[in-house]
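Working notes for the structure below.
In my numbering, the protein residues as written are 3 to 210.
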């Protein structure tokens, strides 16, 4: 795990990497696994070594709203906040591509903030970058029409996977944007007519 950590988290000091290797748990998850549920108490924060995870906010009826991706070399800022305050999770995290995670036990969070400058800076930077991303999502919801929100959604997924083939169904998009499948299908058809993308069964090919 040492080599992978240093490659994916180059800002970590050697002493921090040694501490992580000695105290954290390396765990694998498969696509579809829910690694964090809304309302549960968080005992670990996670560092992503491999795979992809989607972070959702759930409403009282169990509806899911997509917030952001977690990719290799990243950590979940919200889990860090909940962990340090010993609060219940306000999010749900689901594996969308087989993942390998480093599970950092809760008691080490505060300890490393004082002992390792590189961990302190990493946590602060994670907070900052995720806050900016969540602000983008809020702006999208508050100030954009559904067609603009859909294009923003597609752009984020393209950036996350680094590819032009998005394995997303119309229903999945509708659920994550909190609208109907019919609305999404109609808007995707318009984007196809504009030559922005090509629709396939359960995946979307981006042309621009």
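C-beta: ideal position from N, C-alpha, C; glycine also. It should be emphasised that the depicted structure is a prediction, and the values quoted were computed from it without experimental measurement.
With distance defined between alpha-carbon atoms, name the residue in the options nearest to residue i.
i           : options              : result
residue 30  : 198, 49, 140 and 100 : 100
residue 123 : 6, 207 and 18        : 18
residue 150 : 133, 21, 174 and 190 : 190
residue 25  : 77, 94, 51 and 114   : 114
residue 57  : 32, 91, 75 and 43    : 91
residue 135 : 148, 117 and 154     : 154
residue 46  : 40, 172, 110 and 194 : 110
residue 173 : 16, 78, 145 and 204  : 204
residue 104 : 164, 145, 36 and 76  : 76
residue 23  : 42, 35, 107 and 175  : 107
residue 1   : 120, 188 and 133     : Nothing about residue 1 can be read from this structure; the chain reaches only from 3 to 210.
residue 175 : 161, 148 and 166     : 148
residue 53  : 32, 59 and 41        : 32
residue 140 : 43, 50 and 68        : 68
residue 81  : 98, 74, 125 and 116  : 125
residue 34  : 28, 98 and 166       : 98
residue 73  : 62, 129, 61 and 10   : 10
According to DSSP, is residue i helix, strand or coil?
i           : result
residue 109 : helix
residue 203 : coil
residue 157 : helix
residue 27  : strand
residue 89  : coil
residue 10  : helix
residue 208 : strand
So the beta strand (DSSP E) residue i belongs to, where does it begin and stop?
i          : result
residue 54 : 46-60
residue 37 : 36-38
residue 68 : 66-72
Which residues bound the alpha helix (DSSP H) around residue i?
i           : result
residue 131 : 119-145
Less than 8 Å between the CB atoms is what I'm expecting for residue i and residue j, so what's the real figure, rounded?
i           : j           : result
residue 168 : residue 186 : About 13 Å; that fails the 8 Å criterion.
residue 96  : residue 55  : 7 Å
residue 208 : residue 199 : 5 Å
residue 40  : residue 83  : At roughly 15 Å, the Cβ-Cβ gap does not stay under 8 Å, so residue 40 and residue 83 are not in contact.
residue 71  : residue 162 : 4 Å
residue 51  : residue 6   : 5 Å
Length-filtered (4 minimum) alpha helix (DSSP H) runs lying within the region 164-198: Fully enclosed alpha helix (DSSP H) runs of 4 or longer: 172-178 and 183-195.
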